[in-house]
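*Asks:* The structure that follows is given in the form of structure tokens.
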Amino acid sequence: MVVKQHYRPQKKRVRKRSGWRTFWFGLWFLICVVFGWLASRQIANYFVTPDAIFVLGGEPEREKFAARFASQYPNIEVWVSGGSPQGYAQRIFAKEGISADRLHLDYRAEDTVTNFTTLVSEFQNRGIRSIYLITSEDHMLRARTIGEIVLGTKGILIEPVTIPTERSPEPVNKTFRDAARAFLWITLGYSPSKLPPK
């Protein structure tokens, strides 16, 4: 009597291993694409001089730092999103010799995501190809991540300028949450502001 042996379990294991290989290859490919894109943008920054200074409001120290920074670049304009009241902000910049015609104060933003989404069209219309992004050190990771999504997909480069702070970095989950909101804005044209508050 001949006993036939069946190897079906082995075939299933082969299929399972093959599925995992496909998953890891896809993940690795995606990571390579993302890092390649970021690297290409970083290289491009060496060849493009920023056309504007973009300040994320929320703290008067950011505007004071930005005013001193802007005094070193007299030929480019300054945008402040969600900053101090108009009169106070104008005095900060005037003290550093920044004329009113160089300063643009915008108060439409409600959070870090809308800092970018409310001004990206204006940057495009003015032909801005690259910006100096100014914000606090603990806020820069989230701000730059959002900026790379919102501005980067429109071809605008970012040169980060960090304001030192003794505060601890923001929780990474804030960055992931706002990155998701930024992707929604790119794909749907709007970003739900009622995800957990900033």
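With the UniProt record's numbering, letter number 104 in the sequence shown gets 104, and the count goes up by one each step, no holes. Every residue gets a Cβ at the ideal spot worked out from N, C-alpha and C, and that includes glycine.
Across which residues does DSSP place residue 264 in a beta bridge pair?
*Replies:* Since the first residue of the chain shown is 1 and the last is 198, residue 264 is not available in this structure.
*Asks:* Which of helix, strand or coil does DSSP assign to Tyr190?
*Replies:* As a position in the sequence shown, residue 190 is number 190, starting the count at 1. Correct three-state label for Tyr190: coil.
*Asks:* From the DSSP output, which residues share a beta bridge with Ile163?
*Replies:* Indexing the sequence shown from 1 puts residue 163 at position 163. Looking at the DSSP assignment, Ile163 forms a beta bridge with Ser136.
*Asks:* For Thr135, tell me which candidate among Leu119, Gly57, Thr49, Trp79 has the shortest Cα-Cα distance.
*Replies:* Reading the sequence shown from its first residue, position 135 is the one you call residue 135. Ranking Leu119, Gly57, Thr49, Trp79 by Cα distance to Thr135 puts Gly57 first.
*Asks:* Can you tell me where the beta strand (DSSP E) with Ile53 in it begins and where it stops?
*Replies:* Position 53 of the sequence shown, counting from 1, holds the residue named residue 53. Boundaries of the beta strand (DSSP E) harbouring Ile53: 52-56, taken from the DSSP string.
*Asks:* Specify the secondary structure class of Leu141 as computed by DSSP and reduced to three states.
*Replies:* Start at 1 with the first residue of the sequence shown, and residue 141 comes out as number 141. In the three-state reduction of the DSSP assignment, Leu141 falls in the helix class.
*Asks:* Would you check if there are 3 or more beta carbon pairs closer than 8 Å linking the segment 153-163 to the segment 92-99?
*Replies:* no
*Asks:* Please tell me whether Ser84 and Ala109 are closer than 8 Å, where the distance is taken between their beta carbons.
*Replies:* In the sequence shown, residue 84 corresponds to position 84, counting from 1. In the sequence shown, residue 109 corresponds to position 109, counting from 1. Not a contact, by the Cβ cut-off of 8 Å.
*Asks:* Which residues in the same chain have their Cβ closer than 8 Å to the Cβ of Asp106, if we skip the five residues on either side of it in sequence?
*Replies:* The residue you call residue 106 lines up with position 106 of the sequence shown. Once the five neighbours on either side are set aside, the close Cβ partners of Asp106 are Trp79, Val80, Ser81, Gly82, Thr118, Leu119.
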